[in-house]
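Under the numbering used here, residues 1 to 689 are what the sequence shown spells out, in order. Here a beta-carbon is modelled for each residue, glycine too, at the ideal position from N, C-alpha and C. Working notes for the structure below.
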Amino acid sequence: MPAVSPATPAKTLSAPQKALIKLGLKRDIDLALHLPLRYEDETRIVKLAEARDGDTVQIEATVTHAEITLRPRRQLLVKVDDGSDTCVLRFFSFYPSHQKALAVGNRIRARGEVRGGFMGKAMMHPSFKAAGGTLAEALTPVYPTVAGLPQAYLRRAVITGLNHADLSETLPPQVGWPDPRGAMTLRDALTFLHHPTPSVSMIELEDRSHPAWVRLKCEELLAQQLSQLTAKRERDQLRAPILRPKPGGLHAQLLGVLPFALTGAQDRVGHEIAADLARRVPMHRLLQGDVGAGKTVVAALAAMVAVDAGWQCALMAPTEILATQHFAKLVGWLEPLGVKVAWLIGSQKKKERAAMLALIESGEAALVVGTHAVIQEHVKFKNLALAVIDEQHRFGVAQRLALRGKMQEGGMEPHMLMMTATPIPRTLAMSYYADLDVSVIDELPPGRTPIVTRVISDGRRDEVVSRIGAQLQEGRQVYWVCPLIEESEALDLTNATQTHADLSAALPGVMVGLLHSRMPVVEKKAVMELFTAGVMGVLVSTTVIEVGVDVPNASLMVIEHAERFGLSQLHQLRGRVGRGAAASACVLLYGTNEGGRLSETARERLRAMVDTNDGFEIARRDLEIRGPGEFLGARQSGAPMLRFADLQTDAHWLDWARELAPAMLDQHPGLAERHVGRWLGGKSEFLKA
Ligand code: ADP
Ligand code: MG
């Protein structure tokens with residue numbers, strides 16, 4: 001069966017063929033590189049007496065007893081004996097054909113997981129057939145799959161792919177693999193990993209330290225480095241407007257009207273950005289800075305350089321609340337300087353939107369602030385020169401590309417500044433973000449007091465409520481965040497509503513507001529305004545406030561069911577307080593109602609929050625707890641670029657790939673192109689964003 005060509009019309013494809021495409025398995029080489037998750041050993045028959053609890057084994061035995069019992073539920077119970085021990089086979093769903101095949105006296109071959117209970121050994125729903133027949137010569141691969149794609153079909157497809165794919169070497173001949181054990185050919189490595197001989201060490205296979213695995217991981221890391229470097233070099237061929245601050249111009253004027261002096265770190269990254277803007281190639285820079293580090297003003301200063309030169313800027317933020325806040329802040333800073341700021345959000349009135357679109361198209365609006373609404377097709381800029389993406393990890397690759405596409409000038413690209421409060425650990429910076437320049441604001445504005453974090457059981461809620469009372473008395477404000485998990489949205493909304501009612505009752509005379517994502521936008525806006533203005537004392541909210549909200553007078557953050565949140569989310573939430581001079585605190589309330597225990601990872605997350613306020617340390621721990629795949633999220637990485645290599649354990653191969661990539665591109669461009677094509681195929685377009 002040949003690999004499915006993408007040109008085949010969808011309606012003629014069978015379900016498994018469609019599933020193959022869904023898995024990205026379109027070419028022969030994709031199938032050849034689709035490696036097993038694990039293996040089953042069908043090469044031998046195991047004696048029951050030797051099978052340990054939890055082993056998946058194949059046995060041959062004689063049926064000694066078979067019956068259908070009704071308790072605890074209807075099931076077919078079959079007892080077998082292989083001379084060394086006995087085992088009970090249980091089937092909860094079965095057909096008369098099962099009973100016939102499993103009749104007393106029959107000899108069968110069964111495979112399944114052995115459970116050694118008090119009553120002796122047992123297998124649940126083992127697969128079985130008549131005893132005898134040939135044994136497999138190699139371990140049986142079990143592939144990652146999706147619904148509608150049976151293992152047997154996938155196995156056949158992989159074998160065909162492996163036979164047809166071009167597996168010729170792409171590594172320059174004089175370069176060695178970093179590990180001499182990786183010296184096996186690609187063909188040998190793949191053939192082995194798909195069908196390992198039974199004598200192989202299962203441990204080396206499973207922890208992926210076997211030479212064949214090393215070979216593939218190195219290949220994969222090299223492909224990733226090559227593609228990142230290619231993207232970077234291609235971008236260096238592009239042109240962007242040269243932007244330099246004018247003496248006494250808007251940049252200087254904005255610095256003059258700010259109510260604070262820049263921190264040393266803000267000043268430094270400002271210079272890094274300015275140097276990029278003054279070049280003929282588009283900037284592609286990531287601005288990292290912990291929550292509250294003051295990234296917005298750095299972006300605004302960069303924007304002023306562009307505006308002074310007669311160009312437009314866009315600032316895109318992930319939520320309406322955040323876009324609205326940015327808009328309010330920027331209008332406050334910039335309109336006195338004569339800079340017109342437009343804004344675009346999804347829920348805008350038609351008339352207002354039309355007016356904004358006109359301002360943007362005519363170029364009258366020098367700065368455009370908004371949500372995803374900014375990248376919609378009908379939004380036309382006159383001359384966009386700088387695009388800023390706030391909380392960039394919340395946007396997908398396609399959205400970043402769309403914003404870049406808003407530059408109208410022929411052959412040019414806008415400068416891009418991406419901002420994030422989620423720091424990127426070194427290994428990720430070297431791999432997923434290898435083509436980005438990175439600036440770091442590693443200093444908080446002065447006068448901030450560190451946030452004290454406490455983990456408190458939900459049973460002590462009353463104490464927390466009295467603490468809120470104390471904060472309010474001092475004229476401070478309080479956030480109370482409730483989780484909103486999509487699967488149980490209705491239930492969680494009830495929780496937030498209930499908490500809102502409870503707090504309102506417990507705090508007479510205090511305005512307690514409620515904010516959740518299901519509310520109409522005007523209502524959300526009204527609530528936010530009351531809180532920002534300091535009229536509202538307590539804001540109960542689902543995680544809509546997660547990103548970027550800035551109310552310096554708020555000094556207490558209570559997070560309910562903190563155990564349900566991810567670590568970076570908790571850190572972001574905590575960063576809503578500690579923005580002013582007042583001592584601030586974060587209370588992590590954890591629920592003990594479901595079984596009374598926290599999971600180990602939840603415990604680790606909460607512990608990390610208490611241990612440190614440092615975003616980098618939080619990110620490092622988060623990566624450790626979750627691993628890079630989840631840390632990055634599919635949305636962010638666009639395509640899962642690394643399937644096999646593990647950035648924690650394989651960092652030394654990453655160094656090797658990073659060194660080799662530039663030399664290979666220079667001296668063996670043809671091999672480099674083949675290598676990237678083989679590994680990343682149709683995905684490379686995505687990798688450029
Ligand atoms: P983030 O990096 O999380 O986006 P913001 O840009 O929202 O942080 O800044 C947080 C707060 O700190 C804002 O109120 C901002 O005006 C203020 N701020 C920024 N830079 C300074 C500074 N150098 N000195 C004092 N306050 C600052
Ligand atoms: Mg921000």
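- Taking a C-beta distance under 8 Å as the contact criterion, G509 and L530 do not qualify as a contact pair.
- One Cα belongs to G591, the other to E443, and the distance between them is close to 34 Å.
- Scanning the segment 555-603 from its first residue to its last, the whole alpha helix (DSSP H) runs of 4-plus residues come out as 567-574.
- The segment 280-341 contains, as complete alpha helix (DSSP H) runs of 4+ residues, the segments 295-308, 320-334 (chain order).
- Straight-line spacing of the CA atoms in V63 and E604 works out to 49 Å.
- Bounds of the alpha helix (DSSP H) holding T160 are 151-164.
- Short of 8 Å from the beta carbon of M123, and not among the five residues preceding or following it, lie these beta carbons of its own chain, in chain order: C87, V88, L89, R90, A110, G112, E113, V114, R115.
- L226 sits away from L417, with the two beta carbons spaced by 8 Å or more.
- Following the DSSP letters along the chain, one finds I389 inside the beta strand (DSSP E) bounded by residues 384-389.
- Of the candidates P445, L243, A265, K406, the residue whose Cα lies closest to the Cα of P259 is P445.
- Taking C-beta atoms as the reference points, L589 and H561 count as a pair closer than 8 Å.
- Between the ligand MG and the CB of K295, the shortest heavy atom gap is smaller than 7 Å.
- In the three-state reduction of the DSSP assignment, W480 falls in the strand class.
- Secondary structure within the segment 73-154: the beta strand (DSSP E) runs of 3 or more consecutive residues, fully enclosed, are 75-81, 86-91, 107-113, 115-117, 120-124, 127-130, 140-142 (chain order).
- A contact is defined here as three or more CB-CB pairs under 8 Å, and the segment 157-174 fails this definition with respect to the segment 119-138.
- In the DSSP annotation of this structure, the continuous segment of the beta strand (DSSP E) that includes I456 starts and ends at 452-457.
- Taking the Cα positions, L13 is about 14 Å away from Y153.
- Collapsing the DSSP output to three states places G370 in a strand.
- The C-beta separation of W343 from A323 comes to about 7 Å, placing the pair in contact by the 8 Å criterion.
- Taking C-beta atoms as the reference points, V368 and A299 fail to come closer than 8 Å.
- Linking E67 to L102 through their CA atoms gives a straight-line distance of about 10 Å.
- The C-alpha of V478 lies about 41 Å from the C-alpha of A275.
- When beta bridges are read from the DSSP output, R239 appears opposite M412.
- For V527, the uninterrupted alpha helix (DSSP H) segment begins and ends at 521-532.
- Residues of the same chain with a CB within less than 6 Å of the CB of S97, apart from the 5 flanking positions on each side, do not exist.
- Relative to the Cα of G133, the nearest Cα in the group M356, Y143, G117, I108 belongs to I108.
- According to the DSSP assignment, V397 belongs to the alpha helix (DSSP H) that extends over 397-404.
- The segment 401-418 and the segment 228-248 touch, with three or more beta-carbon pairs separated by less than 8 Å.
- If you check the CB distance, T422 and A265 do not come in under 8 Å.
- Shown here, W177 sits in coil according to DSSP, grouped into three states, outside any helix or strand.
- Rounded to the nearest angstrom, the gap between the Cα atoms of V331 and L243 is 22 Å.
- E377 has its alpha-carbon roughly 15 Å from the corresponding atom of M316.
- Looking at K217, K349, R476, the one whose alpha-carbon comes closest to that of G534 is R476.
- Secondary structure at S431: helix, using DSSP grouped into helix, strand and coil.
- Counting only residues of its own chain and dropping the five nearest sequence neighbours on each side, E361 has a CB closer than 8 Å to the CB of K380, F381, K382.
- Less than 8 Å divides the Cβ of G292 from the Cβ of G575.
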